[in-house]
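Same order as they appear, the protein sequences are chains A and B.
Going by this note's numbering, the residue at position 403 of the first sequence is 403; the numbering climbs one at a time, nothing skipped.
Going by this note's numbering, the residue at position 79 of the second sequence is 79; the numbering climbs one at a time, nothing skipped.
Backbone N, C-alpha and C define an ideal beta-carbon position, used for all residues, glycine too.
Just so we're clear, the structure is a prediction, and the values are computed from it rather than from any experiment.
I have placed the structure first, in the form of structure tokens, so that the comments after it can refer back to it.
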Amino acid sequence: MSSLIAPRTAALAIVVGTALWLLSIPGTDPTGATGIGFAAAITPLGWCAMAAAAVAIALVVGAVAPGSRWFWPLGLTAVVLLLTTIHGTVAFASDEPRFFTAYQHLGFIEYIGRTGAVDTAEDSRLGWFGAFAAAATISGVEGPSSLLGAVRHAPWLFSVVVLLPVHAVLRSLGLGERARLAALAMFAVANWVGQDYFAPQALGYFLAFTILALVLHLTRIDGPSVRHLRRWWAAPSQRPAAPPALLMVLVLLGAGLIASHQLTPLMLLALLAPMVLTGTVSLRAYPAALALGTLCWLTTAATGFWEGEVGRLFGVTSSDSAGVTSGSVSQNLTERLSTTEGRMLVIGSRVGLSLVVILLAALSLWRYRAVPVVRLTAMLAFAPFPLVAVQSYGGESLLRAFFFSLPFLVALGGRLVADLVVPVKPGEQQPAQPTHRSSTRTMRRLIGDRAGRPARMVPITAVVLLVLAGVSVVARYGNEESERVSSDQLAAVDWIYDSLPERSTIVSFTGTLPLRHRDLDRHRTPRISAFVRLSDGQVDSVYSQLAASEPDVVIYTPQQALFGEQQGGLGNGWAEPILDHLVSLDGAQVAIERPDIVVIVFDRSGLTAAPPAHLTPEADGS
Amino acid sequence: MTVPSQLQIAGVVAFALSAIALTAHLVVAPSAWSTALAVLTLVVVPGLGAVVWVPPLPADLTVAATASASIAVIVVVSAVTIGVDVYSPALSAAISVALGLVALAARIVLVARTTRAAW
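What follows is the structure, encoded as structure tokens:
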């Protein structure tokens, strides 16, 4: 019976953690995000739930026998609980989907669903319209508004479902069960990059790793290495052929990937190339077909993208950032947001988390360097990074390279962690079932061990995992102050779209707003931040450009001001004098004034309806 | 086949239900909840239906491949219909569902053969 103590304790931790997390949701207020992001809004109950998940994972990795019927049900449930405490809390506690770019994607979907066409003049990202078109198809007759629930939960959903192909890849790379579970837990906490929101790249990541897992599973040959390349190419009969049905699936997935995202096929090719060249897999024609398909798409459907951004595509030009102004009228709004406090902590958490994973991978590579599959894993972990040198994509390529490298980094790290927790004797495939002896030490009796190490390592592992999970929340949701979207903001923007005549000009301070989430071809939407950059700090020039744009409506939010400071390179308080200036103009009227949004309407706008009563300045006084 | 035939039959039923649910979602005006149901239909239910998957794949890879293929069908059909200027959500949905039903029929035939052979 003693062998059941560890699984039962892990199960209890999972049940308690789930209950605590559910209880924490009503008390979690997303507006409580500070300079360190959403982490400041998580309640003590939420942190306790995260701790329970970490304890459960540590117990399963260190004390539950691999191969037992409890290992994977408990291990996977614990990892999903950990992911839920990291990504699910913000999703379930928020009234509206977060992150403005997801709203832009909704705009693309609405445009495709309404017009049945794509026009890269509206936005160059429409050059890869496959995922947007699929979402338009799924949203059906009601349109993208029916997708808001899916948008809100997308980060949590993607973070969970991607575990399937990642786990399959880890198994193909020869990891034992403990190492795989440790690697999955590391993947859960180290995935801070934020590419897994409602976006084509999230779908692309899932497709790409499913393709990798299929290729590794079906055509792995463990044959000659690159040193015997000539012999490998000369001996095709030794290569196993993939089943035709699976080849069709691979082609289908490749086509869906090419049509959906610009960078993901390149990342996949970077990962497939070492596998083919080292003779790890036999599927030589597939990467060539994938490359050809990518090139075909780039030169046909996506010409609008590279015609407009060919310099950016090859890293010749980069986004500019300059220009500073100063002043004040809406200090009451901007003072709600901290501009620098905690910012360094967020950046440090991202760098630190990445370095921890890379360091563990490097140590693992050094320790197991004699094992061929470990060397291959290291090669795959490195493979995405050369693309950064070819194409920076506004600096995002480095993040995406890390994201694609992450499953292989944690594969290396997981092997080391599992060996640290339960040492594997030379020549042993799996650690033996823990033996449980009578002992005066409760922890030793609880988990049992062979070498004495697990009794110490389980609590240590739990604490380390909890710390990393906390850091992960700071790293992943550190921009929550500027990325949060409130119900008032969404209601105000919807009112504007419902009330403005076509071809109106809606000016926003930056793009950090659910603007262009619909009707993106029906209005002009210039941004003041662009005027500021072009004006090189000359306030008069900003005002003249603003006047020349003839705005019908101007939208200001504190998040926009903060975003301009943190990520746009604009000076502290850059938005306030502009807001003062706008309010003082003839014909300007503050139609909406709430703590998180101000809408200035001009007489020429021709608005056909009054704003919702709860958003007007009078509503505040009542 | 390494899975019991009862599971295979249950998988076929689940897959058929998922196809019906997706069709209903696309035909009837959806709500946020029906969209969530459609997402579940696309991602989770194919996993249940995947027990009739013909090649001997592990469970995780089977679920991932089936879900990916389900989504990729809709992506490719939608992209192609846009490319030939005939796109509408209803048409793309109809073609996607039809292809799904063909795949389902093929699976039923394969399962029936395997089950008959086993019995």
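The DSSP assignment places 71-83, 89-93 and 100-115 as complete runs of the alpha helix (DSSP H) inside the segment 60-122 of chain A, in order along the chain (cut-off: 4 residues). DSSP, reduced to helix, strand and coil, places Gln-567(A) outside both helices and strands of the structure shown, so it counts as coil. Here His-614(A) is exposed. Its C-beta has fewer than 16 other C-beta atoms within 10 Å. For Ile-496(A), the enclosing alpha helix (DSSP H) starts and ends at 487-499.
In the three-state DSSP reduction, Ser-508(A) falls in the strand class (E or B). In this chain, Ile-82(B) is not harboured by any beta strand (DSSP E); it is covered by the alpha helix (DSSP H) spanning 59-83.
Annotation: Cβ neighbours of Val-76(B) in chain A (cutoff 9 Å, chain order): Gly-130, Ala-134, Leu-252, Ala-255, Gly-256 and Ala-259. When C-beta atoms of the segment 201-218 of chain A are compared with those of the segment 158-173 of chain A, three or more pairs fall below 8 Å, so the two segments count as touching. Put simply, the backbone Cα of Leu-365(A) is about 50 Å away from that of Leu-520(A).
The beta carbon of Val-417(A) sits closer than 6 Å to the beta carbons of Ala-182 from its chain, once the five residues preceding and following it are set aside; these are given in chain order.
Residue pairing by DSSP places Ile-358(A) in no beta bridge whatsoever. Ala-52(A) sits close to Ala-13(A), with the two beta carbons spaced by under 7 Å. Under DSSP, Arg-152(A) forms no beta bridge with any residue. The beta-carbon of Ala-213(A) is placed less than 7 Å from the nearest beta-carbon of chain B. Here the C-alpha atom of Ala-64(B) lies approximately 6 Å from the C-alpha atom of Thr-210(A). Taking 7 Å as the CB threshold, Pro-165(A) lines the interface with chain B.
Ranked by Cα distance from Thr-505(A), the options Gly-573(A), Phe-38(A), Glu-593(A) and Ile-528(A) are led by Ile-528(A). Under the DSSP assignment, Ala-19(A) falls in the alpha helix (DSSP H) whose first and last residues are 5-24. In the structure shown, the three-state DSSP call for Tyr-368(A) is coil.
Ser-96(B) sits away from Val-84(B), with the two beta carbons spaced by 7 Å or more. Rounded to whole angstroms, the separation of the alpha carbons of Val-507(A) and Pro-558(A) is 15 Å. Of all alpha-carbon atoms in Ala-285(A), Met-267(A), Phe-198(A) and Leu-283(A), the one lying nearest the alpha-carbon of Thr-101(A) is that of Phe-198(A). Around the beta carbon of Gly-67(A), fewer than 16 other beta carbons lie within 10 angstroms, which makes this residue exposed.
Closer than 8 Å at the C-beta level to chain A, one finds these residues of the segment 59-70 of chain B: Asp-60, Leu-61, Val-63, Ala-64, Ala-65, Ala-67, Ser-68 and Ala-69. Spanning the alpha carbons of Thr-62(B) and Arg-484(A) requires a straight line of approximately 36 Å. The beta carbon of Phe-404(A) sits closer than 6 Å to those of Met-267 and Pro-384, all from its chain and outside the five residues before and after it, given in chain order. With a 10 Å radius around the Cβ and a threshold of 16 neighbouring Cβ atoms, Gln-566(A) comes out buried.
With contacts defined as CB atoms closer than 7 Å, Thr-120(A) and Gly-113(A) fail to qualify as a contacting pair.
Within chain A, no residue has its CB atom less than 7 Å from the CB of Leu-101(B), the nearest being about 16 Å off. Taken atom to atom, the span from the alpha-carbon of Val-80(A) to that of Glu-593(A) is near 41 Å. For Gln-589(A), the uninterrupted beta strand (DSSP E) run begins and ends at 588-594, by DSSP. DSSP places Phe-403(A) in the uninterrupted alpha helix (DSSP H) bounded by 396-421.
Following the DSSP letters along the chain, one finds Ile-42(A) in no alpha helix (DSSP H), marked with neither H nor E. Here Val-86(B) carries a coil assignment [DSSP, helix/strand/coil].
For the segment 112-124 of chain A, the set of positions with a beta-carbon nearer than 8 Å to some beta-carbon of chain B reads Ile-112, Gly-113, Gly-116, Ala-117 and Val-118 in chain order. The criterion of a C-beta distance shorter than 7 Å is satisfied by Pro-30(A) and Ala-93(A).
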